[in-house]
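Keeping their order, the protein sequence lines are chains L and P.
Here full-length UniProt numbering is used: position 143 in the first sequence is 143, and no number is missing along the way.
Here full-length UniProt numbering is used: position 134 in the second sequence is 134, and no number is missing along the way.
Note that beta-carbon positions come from the ideal geometry of N, C-alpha and C, so glycine has one too.
Below: one structure, written as C-alpha cells.
Protein chains: 2
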Amino acid sequence: MDHLSSNAPKGAGANALTCKLQQFTRLSLADRAALERVVAERRRTFLGREDISREGDKPTKIYVMLNGWACRYKFLEDGRRQIVAFFLPGDLCDLNIFILRQMDHSIGALTDVTVAEIGRDSFERLIDDHPRITQALWWEALVTIAIQREWTVNLGQRDALERIAHLLCELYVRLWSAGLATDGHCAFPVTQSDLADATGLSKVHVNRTLQELRQEGLIRLANRQLTILDLDRLKRLAVFDPNYLHLDREGAHLDANNE
Amino acid sequence: MDHLSSNAPKGAGANALTCKLQQFTRLSLADRAALERVVAERRRTFLGREDISREGDKPTKIYVMLNGWACRYKFLEDGRRQIVAFFLPGDLCDLNIFILRQMDHSIGALTDVTVAEIGRDSFERLIDDHPRITQALWWEALVTIAIQREWTVNLGQRDALERIAHLLCELYVRLWSAGLATDGHCAFPVTQSDLADATGLSKVHVNRTLQELRQEGLIRLANRQLTILDLDRLKRLAVFDPNYLHLDREGAHLDANNE
DNA sequence: CGCGGCGGTTAATCTGTGTTATTCACGCGC
DNA sequence: GCGCGTGAATAACACAGATTAACCGCCGCG
C-alpha cells in the first residue's frame with residue numbers, strides 16, 4: 001500500500017455519499033440500501049494523475065467518488081491550468097451531465113481513486129423510487145454551485161494568505177461532513193503545485209504562504225496530512241463563512257442513527 | 001424614459017427566455033405558448049441598484065429576467081464585494097433554489113429590471129407538461145454552472161487585459177444568443193466600478209485596461225453602449241473558447257421558425 | 001443657479017506576487 | 001549504488017496591478 005492509497009481513510013467506502021447526504025436530510029433504511037445498491041453496481045478505479053474524464057468527451061455516466069481525491073480542471077490553449085473544484089469521497093458530478101453534448105472540462109484523479117459509474121437508467125430508477133434521495137441529490141448539486149461561486153469570490157477578493165486559508169477551511173469542513181476528518185486532522189494529498197493551480201498563485205508563493213500559516217501556528221502540513229491547529233483563528237483569517245456549504249439540517253444535526 | 005431603461009432593447013420582453021432556450025432545443029408552438037403564459041403570470045419590476053433578493057432570505061420563487069441587467073454578488077464581512085455572475089434577459093435563477101433554507105448570495109439590479117416570478121406550483125406544472133422545456137431548462141442550468149467555472153478560470157489564470165476581454169466576449173455572445181446583440185453592438189449598462197467587482201481588479205486598473213482595448217481598436221464603449229470592432233481578435237486576446245456556453249444546437253442553428 | 005454626487009480619467013507611488021534559479025530530501029528503477 | 005524525477009524550501013529581482021489623490025463633465029435637485 002503506497003502513500004497514495006493511504007490517503008483514503010477507511011470507513012469511507014460507499015458510505016461517504018450516504019454520510020454526506022444525511023447532512024441534509026434523513027434517509028430511511030430503504031433509501032440507504034438503494035444508495036448502496038446503485039453505488040455497488042459498477043465500479044472503476046483510476047491511478048493518481050490519471051484522467052477520469054476529459055474535455056471534449058461525450059458524457060454518458062454519472063460518477064460518484066467513493067475513495068480518493070480528484071479535481072475538475074481546465075486548460076487554456078497556452079497551457080495554463082486552473083483547478084476549479086476538488087472532488088472528495090461522497091461527491092458526485094453533475095446530475096444532468098448527459099444533457100450536454102460534450103464535457104467542457106476534465107476530471108483528473110489526484111490520488112488513486114475508486115468511483116461508482118451510474119448509468120442513466122439506474123439513476124432515473126433511483127430518483128423515481130426515492131424522493132428523499134432526489135431531494136438530497138439536488139441539494140448536493142446546489143451546494144456544488146455555491147462552492148463554485150465561493151471560489152470566484154476567493155480568487156477575486158482574497159489575498160494569498162486568506163485564499164489558501166479559505167481553501168483549507170472549505171476542504172476540512174467538507175471532509176468532516178463526509179466523516180473523513182476529526183479533531184482538526186485529515187488527509188491532504190494535494191501537492192503545492194496543485195494548490196497553486198487551484199488558487200491562481202504561483203507555486204513559490206503557495207510555499208511562502210503555507211510557511212506563514214505554519215509560523216502563525218495555524219496549521220501543520222506534511223506528508224500529505226493536514227492538521228488544523230486553530231480552526232477558529234484560521235476561519236477568521238480566511239473570512240470564512242460556512243454558510244455557502246448549507247450544512248445545516250433542521251434540528252437533527254448529529255443523529256446519524258436509523259430512522 | 002431615462003438612460004437606464006433604455007438599456008433594455010425592444011424585442012426582448014418575454015421572448016428572451018424562449019429565444020435563448022431555442023438555442024438548445026426546438027420548442028413546439030404549445031411549448032412556447034406555455035412559457036409565455038407562465039412568464040406573464042406574475043411580474044415585478046425593480047429599480048437600478050435595488051436588490052432583487054438578499055443573502056439570508058428564504059427563497060420561495062424562481063425569477064426569470066425579462067428585461068434589464070442584474071448580477072449575483074457576495075459581500076465579505078469587511079465590505080469587499082465580488083460580482084459572481086451577470087443576469088441578462090432570458091436568464092433565470094437556480095431551478096431548485098427552494099430546496100435551500102436561505103440564499104447564500106444576493107441578487108441586485110444593475111438597471112431597471114422586470115422579472116417574472118414563478119411559484120413552485122406553476123413551475124412544477126410547466127415541467128410536468130412540457131418535457132422539451134424541462135430539458136432546455138436543465139441545459140440552461142448546466143450552462144450557468146459552466147459559466148461559473150469559467151469565471152473561476154478567468155480570475156485564476158488571466159491577466160487584466162485578457163480578463164476584461166474575456167468578460168466582454170462572454171457577455172456579447174450571451175446577449176447575441178438571446179437576440180439582444182447584432183453586428184458587434186449591444187447595450188452595456190455595467191459601470192467600471194461594477195466591472196472591477198466582477199473581475200477582481202481595482203477600478204482604476206479597469207479604466208486603464210479599457211483604454212488599452214480601445215487603443216488597440218478592439219472595442220468602442222461609451223454611454224452604456226458597447227461595440228466590438230474585431231470580435232475575432234478580441235477572442236484571441238482573451239483566449240476565449242465559447243465551448244463552455246454550449247450553444248451548439250444540433251443541425252438547426254439558425255431556424256427559429258415554427259415546428 | 002449653484003451644489004453635490006457619480007462615473008470616468010489620469011498620474012505618482014507602493015506592494016504583493018510572479019519569475020527564475022538553486023538546493024535538498026526522498027523514493028524508484030536499473 | 002547511481003541517476004533521475006518529483007515535491008518542497010529559499011533567495012534575488014522584476015513587474016502587474018493596488019492605492020491614493022486629484023480633476024472633469026454631467027445630471028438631478030434644492
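Item                                                                                                                                           : Value
Proline 189 of chain P versus leucine 231 of chain P: straight-line alpha-carbon distance, rounded                                             : 20 Å
Chain P residues whose Cβ lies nearer than 8 Å to that of lysine 74 of chain L                                                                 : Arg149, Glu150, Val153
Which of helix, strand or coil DSSP assigns to glutamate 150 of chain L                                                                        : helix
Alpha helix (DSSP H) runs wholly inside the UniProt domain "Cyclic nucleotide-binding" (23 to 127) of chain P, at least 4 long, in chain order : 29 to 41
Segment limits, alpha helix (DSSP H) that includes leucine 201 of chain P                                                                      : From DSSP, leucine 201 of chain P is part of no alpha helix (DSSP H); its letter is neither H nor E.
Coil, strand or helix - valine 143 of chain P by DSSP                                                                                          : helix
Selection of the segment 101 to 127 of chain L by Cβ proximity to chain P, strictly under 9 Å                                                  : Arg101, Gln102, Asp104, His105
Under 8 Å between C-beta atoms of glycine 200 of chain P and glutamine 22 of chain P                                                           : no
Rounded Cβ spacing between threonine 111 of chain P and glycine 48 of chain P (contact assumed at less than 8 Å)                               : 5 Å
Sub-8 Å separation of threonine 152 of chain L and tryptophan 151 of chain P beta-carbons                                                      : yes
Contact the segment 113 to 133 of chain P vs the segment 52 to 65 of chain P: 3+ CB pairs below 8 Å                                            : yes
Within-8 Å CB hit, alanine 165 of chain L to chain P                                                                                           : no
Contiguous beta strand (DSSP E) assignments of at least 3 residues, all confined to the UniProt domain "HTH crp-type" (158 to 232) of chain L  : 185 to 187, 219 to 222, 225 to 228
Simplified DSSP assignment, three categories, for leucine 247 of chain P                                                                       : coil
Given leucine 168 of chain L as reference, the closest of L:Leu229, L:Ala136, L:Asp128 once Cα atoms are compared                              : L:Leu229
Own chain partners of aspartate 197 of chain P with C-beta closer than 8 Å, once the 5 adjacent residues on each side are dropped              : Tyr73, Arg81, Gln82, Ile83
7 Å Cβ cut-off: residues of chain P touching tyrosine 244 of chain L                                                                           : Asp104
C-beta neighbour in chain P for glutamine 135 of chain L, strict 8 Å                                                                           : yes
Glutamine 82 of chain L: contacting residues in chain P (beta-carbon distance under 8 Å)                                                       : Thr152, Val153, Gly156, Gln157
Integer-rounded CB distance, given that alanine 33 of chain P should sit under 8 Å from leucine 126 of chain P                                 : With 8 Å as the limit, leucine 126 of chain P and alanine 33 of chain P do not qualify as a contact, their Cβ atoms being about 11 Å apart.
Spatially closest choice to lysine 235 of chain L from L:Asp248, L:Leu218, L:Asn223, by CA coordinates                                         : L:Leu218
For aspartate 241 of chain L, three-class secondary structure by DSSP                                                                          : coil
Chain-ordered neighbours of alanine 146 of chain P on chain L, where CB pairs are closer than 7 Å                                              : Asp104
Closer than 8 Å to chain L by CB, glutamate 216 of chain P                                                                                     : no
Interface flag, glycine 79 of chain P vs chain L, CB-CB below 8 Å                                                                              : no
Beta carbon proximity, histidine 253 of chain L to chain P, threshold 8 Å                                                                      : In this prediction, histidine 253 of chain L scores a pLDDT of 39, lower than 50, which makes its location untrustworthy; the coordinate-derived value is nonetheless stated afterwards. No, histidine 253 of chain L lies away from the interface with chain P (no Cβ there is under 8 Å from its Cβ).
Beta-carbon proximity list for isoleucine 97 of chain L, same chain, < 7 Å, skipping 5 on both sides                                           : Pro59, Ile62
Counted within 10 angstroms of its Cβ, other Cβ atoms place aspartate 183 of chain L as buried (16 or more) or exposed                         : exposed
Sequence-distant residues of its chain with Cβ nearer than 7 Å to cysteine 186 of chain L (five each side left out)                            : Tyr172, Leu175, Leu180, Leu226
Proximal residues to alanine 70 of chain L (C-beta, below 7 Å), its chain only, five neighbours per side dropped                               : Ile52, Phe87, Ile107, Gly108, Ala109, Leu110, Val113
Exposure of threonine 18 of chain P, with buried meaning 16 or more beta-carbon neighbours within 10 Å                                         : buried
Contacts of leucine 142 of chain P in chain L (Cβ-Cβ under 8 Å)                                                                                : Asp94, Asn96, Ile97, Ile99, Leu100
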